[in-house]
Each structure stands twice: as C-alpha cells, then as structure tokens.
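Down below is the structure, laid out as structure tokens.
Protein chains: 2
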Amino acid sequence: MPKTININKDFFDNLVVLIKNKDQRKLQKSLLNMHHADIAEIITNLSDFESQFLYENLHDEIAALVLKEVEDEKRKTLLSKLSAKEIAVDVIDNLESDDAVDVISDLSEKKKEEVLSHIENEDYANDLSDLLKYEENTAGSMMATELIKVNENWNTLECLKKMRKQAEYVKKVHTIYVVNNNNKLLGTMSLKRLLISNKDTKVRDIVNSDVYYVKTDTSTEEIANLMNKYDLIILPVVNENQELLGRITIDDVIDVVKEEAEKDYQMASGIYEDIENNAGILTITRVRLPWLIIGMIGGVLGAKVIGVFDIQKHFELALFIPLIAAMGGNVGVQSAAIVVQSLANKSIDIKNISEKLTKELGVGLLNGLICGCLVFLFTYILGYNLLLGLTVSLSLIIVIIFAALFGTFIPLTLQKYNVDPAVATGPFITTISDILGLLIYFLIGQTILQ
Amino acid sequence: MPKTININKDFFDNLVVLIKNKDQRKLQKSLLNMHHADIAEIITNLSDFESQFLYENLHDEIAALVLKEVEDEKRKTLLSKLSAKEIAVDVIDNLESDDAVDVISDLSEKKKEEVLSHIENEDYANDLSDLLKYEENTAGSMMATELIKVNENWNTLECLKKMRKQAEYVKKVHTIYVVNNNNKLLGTMSLKRLLISNKDTKVRDIVNSDVYYVKTDTSTEEIANLMNKYDLIILPVVNENQELLGRITIDDVIDVVKEEAEKDYQMASGIYEDIENNAGILTITRVRLPWLIIGMIGGVLGAKVIGVFDIQKHFELALFIPLIAAMGGNVGVQSAAIVVQSLANKSIDIKNISEKLTKELGVGLLNGLICGCLVFLFTYILGYNLLLGLTVSLSLIIVIIFAALFGTFIPLTLQKYNVDPAVATGPFITTISDILGLLIYFLIGQTILQ
Numbered sequence: 001m002p003k004t005i006n007i008n009k010d011f012f013d014n015l016v017v018l019i020k021n022k023d024q025r026k027l028q029k030s031l032l033n034m035h036h037a038d039i040a041e042i043i044t045n046l047s048d049f050e051s052q053f054l055y056e057n058l059h060d061e062i063a064a065l066v067l068k069e070v071e072d073e074k075r076k077t078l079l080s081k082l083s084a085k086e087i088a089v090d091v092i093d094n095l096e097s098d099d100a101v102d103v104i105s106d107l108s109e110k111k112k113e114e115v116l117s118h119i120e121n122e123d124y125a126n127d128l129s130d131l132l133k134y135e136e137n138t139a140g141s142m143m144a145t146e147l148i149k150v151n152e153n154w155n156t157l158e159c160l161k162k163m164r165k166q167a168e169y170v171k172k173v174h175t176i177y178v179v180n181n182n183n184k185l186l187g188t189m190s191l192k193r194l195l196i197s198n199k200d201t202k203v204r205d206i207v208n209s210d211v212y213y214v215k216t217d218t219s220t221e222e223i224a225n226l227m228n229k230y231d232l233i234i235l236p237v238v239n240e241n242q243e244l245l246g247r248i249t250i251d252d253v254i255d256v257v258k259e260e261a262e263k264d265y266q267m268a269s270g271i272y273e274d275i276e277n278n279a280g281i282l283t284i285t286r287v288r289l290p291w292l293i294i295g296m297i298g299g300v301l302g303a304k305v306i307g308v309f310d311i312q313k314h315f316e317l318a319l320f321i322p323l324i325a326a327m328g329g330n331v332g333v334q335s336a337a338i339v340v341q342s343l344a345n346k347s348i349d350i351k352n353i354s355e356k357l358t359k360e361l362g363v364g365l366l367n368g369l370i371c372g373c374l375v376f377l378f379t380y381i382l383g384y385n386l387l388l389g390l391t392v393s394l395s396l397i398i399v400i401i402f403a404a405l406f407g408t409f410i411p412l413t414l415q416k417y418n419v420d421p422a423v424a425t426g427p428f429i430t431t432i433s434d435i436l437g438l439l440i441y442f443l444i445g446q447t448i449l450q
Numbered sequence: 451m452p453k454t455i456n457i458n459k460d461f462f463d464n465l466v467v468l469i470k471n472k473d474q475r476k477l478q479k480s481l482l483n484m485h486h487a488d489i490a491e492i493i494t495n496l497s498d499f500e501s502q503f504l505y506e507n508l509h510d511e512i513a514a515l516v517l518k519e520v521e522d523e524k525r526k527t528l529l530s531k532l533s534a535k536e537i538a539v540d541v542i543d544n545l546e547s548d549d550a551v552d553v554i555s556d557l558s559e560k561k562k563e564e565v566l567s568h569i570e571n572e573d574y575a576n577d578l579s580d581l582l583k584y585e586e587n588t589a590g591s592m593m594a595t596e597l598i599k600v601n602e603n604w605n606t607l608e609c610l611k612k613m614r615k616q617a618e619y620v621k622k623v624h625t626i627y628v629v630n631n632n633n634k635l636l637g638t639m640s641l642k643r644l645l646i647s648n649k650d651t652k653v654r655d656i657v658n659s660d661v662y663y664v665k666t667d668t669s670t671e672e673i674a675n676l677m678n679k680y681d682l683i684i685l686p687v688v689n690e691n692q693e694l695l696g697r698i699t700i701d702d703v704i705d706v707v708k709e710e711a712e713k714d715y716q717m718a719s720g721i722y723e724d725i726e727n728n729a730g731i732l733t734i735t736r737v738r739l740p741w742l743i744i745g746m747i748g749g750v751l752g753a754k755v756i757g758v759f760d761i762q763k764h765f766e767l768a769l770f771i772p773l774i775a776a777m778g779g780n781v782g783v784q785s786a787a788i789v790v791q792s793l794a795n796k797s798i799d800i801k802n803i804s805e806k807l808t809k810e811l812g813v814g815l816l817n818g819l820i821c822g823c824l825v826f827l828f829t830y831i832l833g834y835n836l837l838l839g840l841t842v843s844l845s846l847i848i849v850i851i852f853a854a855l856f857g858t859f860i861p862l863t864l865q866k867y868n869v870d871p872a873v874a875t876g877p878f879i880t881t882i883s884d885i886l887g888l889l890i891y892f893l894i895g896q897t898i899l900q
C-alpha cells in the first residue's frame, strides 16, 4: 500500500511550520512517497509563497505530476516561476502527452513555442504541437498519443518482442491496438488471446475488430456517454482516414462525468459558474449574483402583479402569498429536474413531447389535488375563512398543474435550441412560476371573495 | 466498429411491429450483433409482454448481459418467467461473478438457493454464495472474483504459461496480481515489466508493491473517492488477513459516482428518491409529494407569521412578500450547495467551520449590499413609497446575510450527525429561509412604517 497520510489539520499545520522555518530536510521527509494527488490537495490550501516553496522541494517527476493535478489558478502561479527550459525538461518530459498538453495550454503563445523548442525528442514535440491544435472539449484535445500497437502481419512472438520495445515509452499498457501498414485501426488484440495463442499465429487471425472508436472532433460529452454506456476503459481516437492517433482513458472521462453532474447541480442551486474550493469572496459573489438579480427582478415584477389587484380590500389574501409562490417554484423545479436528468442520460427519445406532457399533467393533477385538499383541511383547522381556504386550495391545484407543465416544457424547448436545459432548474423557473402563481391566486381570490 | 444503430422512434416502432406480428426471423435479424446495452435500452421502453417476447429471441449469452443491464423492475419481470435451472445455466454461467450476484440478489431466498444448486461448477457456486453475504454498498458486494494472479516464486516464463490457463476463465485481463503461497496480496506485476524482463526473472523481483487495495467492508463511496483521486482503473479487495478475494473495476464505480451526483441533484430539486425513467404517475407522485408537503407546511406557517402583524394597516408590505421569500431561499440554497459540493469532493477539512462562516458572512454582506441598493433603486424608479423601499432593501440585506449563514451552517451540522448534507439544499432550506425572511421583513416594516 502506498503511503497514505491522513491529511488532517494537524498534519497540514505542521507542514506550514516547516515551510515557515524553511526546514527543507524535514519537509522533504514528510513529503517522501506521498501520492501526487495528496500533495496537490495540500498545495491547493497553501498560500502562493508557501506552495512555491513546497513545490521546489519536490523531485522533478513528482513535481510534474503535482502540477498536472492542481487547480488551474495555482498551476499558473507555479508555472510563472519556471523558465521555458525548466518546463520542457523537468515538467513536460515527465508527463504523458495529454497531461503535458494541459500544462502547456495554460501558457502564453510565446512561452508555448519556447517550451516546445526545448523538448529534446523532436517527434514528441511535434506530437504535442499537433495535440495543441485541437479544439477544447473534443477527443483530440483529450487524447494521449502513448499507446501500444501491433501490425496485423506480425505473429504473436514478433508481437511480444516489438511490444517489449514500445512498452519502454508507455507508462501503462491498457490495450493493444492492431493496425495495418497504413496505420489504419483494425481492432484490438486482447492480452488473453495473445497469451493463449500459438507463437506463429498471425495477429490478423486473432484481431478483435469489434472496437469502439471516436474521431478527433467527437465531443467530450459524447465520449463520456459512449464509455459509460458500453463500459469502456479506453477508447482509441482516429482521424478522417481512420488512422490511429491516440487514446482516451476512463479516468479523464470520470472527471468529465463529475463536472457535468456538478454543473447541473450548481445550475439547480443558482450558482452561475464552477469555482474553485478556495475562491475568494469577490469570485464567489460574482458567480452567485446573476441568479440573485434574476430573482430580484422577478420579485419586483411580483410586486407589480399584486399591485394590480385591490389588496387593501382583500388583505387576507396576503397571508398565503408565500405558500402559493413557494409551491409553484417547487413543482416547476421538480418537473424540470426529471427532464434534465433523462436528457443527460440520453435515454432514447422514443416517447415524444406530447406523451411526456400528458404524463406530467397526470402527475400535476394528482399532486395538485392532494396538496389542494390538504391545504383546505389546514386552513379549516386553523380557523381561516372558508372562502379564503377555497381560494388557496383551488389556486394551488391550478398552480401545481401549470408549474408541472412549464417545468417539463421549458427544458425540452431549451434543449431543442441547443441551450443547456439545466438552466431551467435554476432560479429561472422558480421566478416564472412565482409570478404565474401570484396571477392565478389573485384572479381566483378576487372572483371568489368578491 | 460494432454495429451501432441509431435507436430512434422509427427503429423502435418497427421492432414493436415485428413483435406484434411475432415475426421472429426478422426480429432476430434486427437484433443481431447489437450491443447488449442498446438492447437493454430498447427493452426498458417496451411493455412487459413485448420485452418478454424480445428477450426470448436473444442468444443466451446476450440475453444474460441484457438482463444485468436492464433496470431492476424489468429484470424482476423477466426473471419471474425463468425456472431456477434456466437462470443458473443460461444466465449466471454467462455472467461474471459481480453481475451474477446482482441478478441472483433480486430473487427470493428460496429461488436463490435453487439457482445456486443448479450451477455446475461447485467452486463458482460457493464463490457466489460468499459474495451474496456481503452487506450492500460495500466492496464485498461490488467485487468480482475473476482475476489473474501469479505467485511471487514463479519466473516470468512460468507466469506466462500459468496466466494463459487462468485467462481462459477471465473475460478481460486488466491487472496481474502477485500473491505469496498463502494468497496474501503482495502487489501487482505490470504487463510492461513482464514483457521487458528476462525469462528467468522471479516475480518477486519485479513486483510493484505500491498498490492500493480495500477491505471487503469499505463503502462504495469511499471506493469511488479513492479510485477517482488516484486514477485507479481496478482495485483489489482483500479480507482481514490481506488475502486477495476479488477486484472492483472502474466501470462499476462510474455508476456510483453518477448516482451520487444525481442523488444530490434530485435532493436540490426536491425529488425524494431515485426513480426509473419510465416510472408511472403514482410512483412519480410518491417521490415528489414529501417535499411538496414540507413546502406547504412552510407556507401555512408563513401565513401564521404574516397574520401576527397588522397587515391591514400596512397592506403595501404585501407587495414585496414574494421578493423577500424568493431571495432568502435562493441565497440559502446557493450557500448550502457550495458546502455540499466541497463535502462530496472530500476537500481536506483544513479550514474549520468558523473560517467558513466568516467567509460566507463576507459574501452575504457583499451580495446583500448590492441587492439591497439595486432594489432600493428599482422601487424608487417605479415610484413606490420611499419608506417602503427602505424597508424592502434593509430587510433584503439582513435576509441575505442570515440565509447565507444558515445555508453554510445547516449542511455542516447535518454532516456532523451523519445525515446526508444534500438534504439541506432541498425545499427544506428554502422553507426555513422563507419564514425567517418574512419575520424579519414585517418586523422592520412595522418599525419603519409605524
């Protein structure tokens, strides 16, 4: 088992003291054999000066891995202290191509070129330069070029020999790809088949051509769905001519899956943008304010709606404003969330929109009736005016049905126009439901209470 | 590339027609070479009778894989038509142990035993029986027993020979484990090392002992965090004596990560429980109603709060009830969501609670001041009474600060008492914020407006 340290406050505080005292010997001893992901987590919580000092006390190989792991802002700070040559030799040469590209792409155009010019292995520099050209969030920008491939014309003995050589340049051997003389991807060869076949069996006779692959311009979201659905651990990437260019591993895709899910969650909670754990007060305020302002505009519009009616005459209507507003929002968000999730899971779109709306209408009707009856009972028990009770429960039923339909319809429509449907579960839908609810409530109230 | 069919409405409708006409020849042709995950998706959208007919037209090997993939309810229906012997021979024998356990665990105790008694390979039946005993959501219940292991005393040539034999029983070779004579896990051997080492090198000399492992009782959540943090693709499982019992692969963990994230999202959207895509109206109503009732009780309490004050005298206060209620809820959910996410990501708990609250106080103050000023401006422009504008903006500032502190404090407290902190981002916190906000608003209103 690798050294796993319980990174608690004591351990952390102790490190900070070592850094303050510039006690390099003890610091290096503390960090020895620690996993780079743990060190990255520590660095995230240090000040810039402290992280810098700690970083300088790491071995190059670990330092490079830590750099790929830390959050963007921190990485930029650490990189800014390194010369192009240091980045090329100490960092890039210790990373696989996909991580190397992540690091380089944070640099200015000028420094990028400088770094590439300092990379000794020219082929590798060219590979990196090619990788840097792919658009963000595509297979090309995510893939690594390190892989093991064998020619269909080799026999298994030749394979083992050649793979031995290739393996020196590859960190982990996940899958063995089979290509023809033109580097066209033909399939994979399982280690198992290699192990149980005779020495003179040709690769082409044991190739598994049932292999999923993606083109360089496939989106990361599509890749995540594909790998998740078909339980793939590694996915080859080809160009237009089906030539094998690289591969994507599942660990990178997990990050995509997590980020997607977190983004939806943040949307639903009214947070505008992903921020880092240690973001400052100004950043936090910036990502939250837009939603709050939407909510506020909604509130002011709500005031206008109420103002249209003669509230002074029926002041008792004011009592249940919070109930009507809250319930409309709650139901709308519930419906929208279910739609957003089924869209995110790419559930086959067999049922069409009208079927979905019909079902949601049923749910709304049932929920509305139950809630309506309950609220009538509540108001009766609490001794409110019967007509007021009737107004509230009737409005509630209608508001719930409307909000359910709205909540289903809006994300479906957004999706159709290529807007992230998760937007619909945020304060956006709550605000619309609020105003709509108030309108219904006062209309019914004025009619019933006269 | 495997046959990938665009499963659109036309393709689906066509299948339904084939099933209705009992056209087995054409149906089988349509399904030929389709991935089991795609077939499972189709089955999910069929009626019970249709799924049954389609299932019977699949080859046993594919049928077994489809069965492991479909949602629980559908699986139970399909299994109910099979005898214990059919399940044992056609299904279980075609699955890896972890999937086999998933299928068996859906059966009644009596049928479980019957199925196990029909499995020919006695060792395998015993393995499955052992696996069934582990508690849900632990490493034991998730692991598969199929793996490749080599003895530290073998040389690489012996390894290849023995692995060849083991590989016949294992579907995919991901990692080669090294054990001693007592089956104690010593580490892994990389395929790369195996390939580049001399034939007479002993395994013990090339074992990589830096291997993460978990005990059978480790929770799935912990496993997901471990695999994600350290980029692990496969994780060995050992018992108390460190004997190697099985392994967990990343594809199972992705499902855990996704489900965790979806659970949080559902919580935040006020959905009480995960439901299947094709759930009926009653099920959908059941999972949504609890939150709605909480919201409704909150609304009734809100009415009580408003009732305490002399609303008739200051009826204009009613206008901004929706604004105050909405903003309190929005801010509370935002703060809570940030805490929930940092707890879910297991960000090191270096900063203590009071630091977090202080930061949140800062954010609340800033957001409050900005929103307060804006709302004062709005009300001024729209020509509302200045004192009313003052009341609304002053209340808003205080409500935002309170909600921010509340939103931070509640999930942290829930976590401390082992309650899922995501609960706090649901209608729960909105409801509390609503009531608190109204109280503050009316208190200030009555004071200022006299």
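Chains A and B, in that order, give the protein sequences. Taking this note's numbering, the leading residue of the first sequence gets 1, the next gets one more, and so forth. Taking this note's numbering, the leading residue of the second sequence gets 451, the next gets one more, and so forth. For each residue, glycine too, the CB sits at the ideal point set by N, CA and C.
Check whether residue i and residue j have beta carbons under 7 Å apart
{"i": "Ile851 of chain B", "j": "Gly814 of chain B", "result": "yes"}
{"i": "Gly246 of chain A", "j": "Ala144 of chain A", "result": "yes"}
{"i": "Val70 of chain A", "j": "Ile43 of chain A", "result": "yes"}
{"i": "Val66 of chain A", "j": "His36 of chain A", "result": "yes"}
{"i": "Leu244 of chain A", "j": "Pro236 of chain A", "result": "yes"}
{"i": "Leu116 of chain A", "j": "Ser129 of chain A", "result": "yes"}
{"i": "Pro772 of chain B", "j": "Gly299 of chain A", "result": "yes"}
{"i": "Ala403 of chain A", "j": "Val339 of chain A", "result": "no"}
Contacts of residue i in chain A (Cβ-Cβ under 9 Å)
{"i": "Trp604 of chain B", "result": "Residues of chain A passing the Cβ test: none, with the nearest at roughly 14 Å."}
{"i": "Gly752 of chain B", "result": "Leu319, Phe320, Ile321, Pro322, Leu323, Ala326"}
{"i": "Glu618 of chain B", "result": "Lys192, Ile196"}
{"i": "Ile879 of chain B", "result": "The contacting residues do not exist; Ile879 of chain B stays about 10 Å from chain A at best."}
Under 8 Å by beta carbon: chain B residues contacting residue i
{"i": "Tyr441 of chain A", "result": "Per Cβ cutoff of 8 Å: no residues; Tyr441 of chain A is ~11 Å from chain B at best."}
{"i": "Glu262 of chain A", "result": "Ala711, Gln791"}
Residue i - DSSP class collapsed to helix/strand/coil
{"i": "Thr841 of chain B", "result": "helix"}
{"i": "Ser669 of chain B", "result": "strand"}
{"i": "Ala224 of chain A", "result": "helix"}
{"i": "Ala617 of chain B", "result": "helix"}
{"i": "Val606 of chain B", "result": "Val is not the amino acid found at residue 606 of chain B; the sequence shown has Thr there. Helix at Thr606 of chain B."}
{"i": "Gly426 of chain A", "result": "coil"}
Terminal residues of the beta strand (DSSP E) in which residue i lies
{"i": "Val688 of chain B", "result": "684-688"}
{"i": "Leu185 of chain A", "result": "185-189"}
{"i": "Ile148 of chain A", "result": "148-151"}
Listed by chain order, chain A residues near residue i by CB distance under 7 Å
{"i": "Gln762 of chain B", "result": "Phe315"}
{"i": "His485 of chain B", "result": "Tyr230"}
{"i": "Asp667 of chain B", "result": "What Asp667 of chain B touches in chain A: nothing, since even the nearest Cβ is about 16 Å away."}
{"i": "Ser719 of chain B", "result": "Ala268, Val333, Gln334, Ala337, Thr425"}
Candidates the options, of which the one nearest residue i by Cα
{"i": "Ser51 of chain A", "options": "A:Thr77, A:Gly302, A:His59", "result": "A:Thr77"}
{"i": "Thr431 of chain A", "options": "A:Val91, A:Cys159, A:Met296", "result": "A:Met296"}
{"i": "Arg193 of chain A", "options": "A:Glu221, A:Leu160, A:Tyr212, A:Leu185", "result": "A:Leu160"}
{"i": "Thr588 of chain B", "options": "B:Val541, B:Gly757, B:Glu672, B:Phe826", "result": "B:Glu672"}
{"i": "Ile847 of chain B", "options": "B:Asn471, B:Asn868, B:Gly818", "result": "B:Gly818"}
{"i": "Phe856 of chain B", "options": "B:Gly833, B:Asn868, B:Ile885", "result": "B:Ile885"}
{"i": "Cys823 of chain B", "options": "B:Asp540, B:Leu840, B:Leu832", "result": "B:Leu840"}
{"i": "Gln266 of chain A", "options": "A:Val211, A:Asp205, A:Ala422", "result": "A:Ala422"}
{"i": "Arg164 of chain A", "options": "B:Ser719, B:Ser647, B:Thr735", "result": "B:Ser647"}
Partner residues on chain B for residue i, Cβ-Cβ distance less than 9 Å
{"i": "His59 of chain A", "result": "Ordered by position in chain B, no residue passes the 9 Å Cβ test against His59 of chain A, which lies about 15 Å from the chain."}
{"i": "Ile410 of chain A", "result": "The contacting residues do not exist; Ile410 of chain A stays about 14 Å from chain B at best."}
Partners in chain B for residue i, counting only beta-carbon separations shorter than 7 Å
{"i": "Cys371 of chain A", "result": "Leu742, Met746"}
Range of the contiguous alpha helix (DSSP H) that encloses residue i
{"i": "Val783 of chain B", "result": "771-794"}
Amino acids of chain A, ordered along the chain, whose beta-carbon sits closer than 8 Å to that of residue i
{"i": "Gly812 of chain B", "result": "Ile281"}
{"i": "Arg697 of chain B", "result": "Going along chain A, no residue has its Cβ under 8 Å from Arg697 of chain B, so there is no contact; the nearest lies around 13 Å."}
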